[in-house]
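Colleague: If you read the sequence shown in the working numbering, its first letter stands for residue 265, the second for the next number, and so on.
Below: one structure in structure tokens.
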Amino acid sequence: MANKMTFLIIIVMALVSSAMPVAILRSQDLVVAVEEMQNANYFSFAMLINMSPNTTTNLGNVTFLMPKDKILSTADMLQESTNDFLLRHSIPSALLFENLERIPSGSLIPSSLPDYMLRISNGGRKRFFLNNVRITSPNLCTAGSSIRCHGIDGVLNNNSSSSSSQRSCSSNSSSGPVVVALPPTASPAQSTVPSFADQAPLIAPQPSYSGTPKQKSAAGYSQRLSCGGIISNFFLVFAMVLIF
């Protein structure tokens, strides 16, 4: 009995020790990101993150979309919780602005809030919109490996228009927007930029022979002739082996 208890304790300690580095790394990234937000004068958004430690810690790799303090001071946040506000203003992948720029206009990407989608309007660095807001200050959080943040010029609408538009467009797939699957974020040991929509290599079709019937028959005859030449050479070698 004592041996079994000792074995269970060892397993539990191993699991806890293996999970601790990831949790510590995420908490360190969050602390660094909050400092970067405050240095960029986004104090109100940093305060919301500190008010919801469980939500932000469980997000893992994330990109925050941050309204300025003046905008947040006039926003009506009584109709929803702080958690939902942060989830709506975040993307479940750590994306630099250079990653977002690769997404074409009309595409939909998921937010961290279930069933709330962000529609991309890509007009370049100065006119990049997600739903009703524009990114005005890109790449404010870059020190950590799992958190990115960008300043925006408004508050994302608290309605289901994005999710309902996705459902309506899915019924008309011929003219609907493309839902972009976010790539997995690179591990902390990697610094490569994740790419979207890796294209599979195309297989070139076999060329079809076009020509007159005489040319086709000549081509077929040359193929048969080459095949016959191979066979005759084979029998010649075989006969020489038998002779010698």
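C-beta: ideal position from N, C-alpha, C; glycine also.
Which stretch, first to last residue, makes up the alpha helix (DSSP H) that contains residue 337?
Modeller: For the purposes of this step, residue 337 is identified with residue 73 of the sequence shown, where counting begins at 1. Per DSSP, residue 337 belongs to the alpha helix (DSSP H) from 333-338.
Colleague: Please work out which residues of its chain come closer than 7 Å, Cβ to Cβ, to residue 291, disregarding the five sequence neighbours upstream and downstream, and give them in chain order.
Modeller: On the sequence shown, position 27 is the one that residue 291 refers to. Closer than 7 Å at the Cβ level, and outside the excluded window around residue 291, lie 321.
Colleague: Checking contacts by CB at 8 Å: is residue 311 closer than that to chain B?
Modeller: No chain B appears in this structure, which consists of one protein chain only.
Colleague: So what's residue 402 in DSSP terms, helix, strand or just coil?
Modeller: Counting from one through the sequence shown, the residue named residue 402 turns up at place 138. Three-state DSSP puts residue 402 in a strand.
Colleague: Taking residue 397 and residue 367 to be in contact with their CB atoms under 8 Å, please state how far apart those CB atoms are, rounded to whole angstroms.
Modeller: One-based indexing of the sequence shown puts residue 397 at position 133. One-based indexing of the sequence shown puts residue 367 at position 103. Not confirmed; about 15 Å, so no contact.
Colleague: Excluding five sequence neighbours on each side, which residues of the same chain lie with their C-beta closer than 7 Å to the C-beta of residue 369?
Modeller: In the sequence shown, the residue the question calls residue 369 occupies position 105. For residue 369, where only same-chain residues beyond five positions count, the Cβ hits under 7 Å are 384, 385 and 386.
Colleague: If you reduce the DSSP assignment to three classes, tell me which class residue 352 lands in.
Modeller: Within the sequence shown, residue 352 is the residue found at index 88, counting from 1. Residue 352: helix per DSSP, three-state reduction.
Colleague: Going by DSSP in three states, residue 330 sits in which element: helix, strand or coil?
Modeller: Counting from one through the sequence shown, the residue named residue 330 turns up at place 66. Here residue 330 sits in strand by DSSP.
Colleague: Residue 308 lies in the alpha helix (DSSP H); which residues open and close that run?
Modeller: For the purposes of this step, residue 308 is taken as residue 44 along the sequence shown, with counting starting at 1. It spans 307-315 - the alpha helix (DSSP H) in which residue 308 sits, taken as one unbroken run.
Colleague: Report back the beta-carbon spacing between residue 364 and residue 395 to the nearest angstrom; my notes put them in contact at under 8 Å.
Modeller: For this step, residue 364 is matched to residue 100 along the sequence shown. For this step, residue 395 is matched to residue 131 along the sequence shown. Not confirmed; about 13 Å, so no contact.
Colleague: What did DSSP end up calling residue 381 once you bin it into helix, strand or coil?
Modeller: Locating residue 381 in the sequence shown gives position 117, counting from the first residue. Residue 381: strand per DSSP, three-state reduction.
Colleague: Grab me the residues of residue 332's own chain with a C-beta within less than 7 Å of its C-beta, minus the 5 sequence neighbours each way, in chain order.
Modeller: Position 68 of the sequence shown holds residue 332. For residue 332, where only same-chain residues beyond five positions count, the Cβ hits under 7 Å are 306 and 415.
Colleague: How would you call residue 388, buried or exposed, if buried means at least 16 neighbouring beta carbons within 10 angstroms?
Modeller: For the purposes of this step, residue 388 is identified with residue 124 of the sequence shown, where counting begins at 1. Exposed is the call here.
Colleague: Would residue 409 be called buried (16 or more neighbouring beta carbons within 10 Å of its own) or exposed?
Modeller: If you number the sequence shown from 1, residue 409 lands on position 145. So residue 409 counts as buried.
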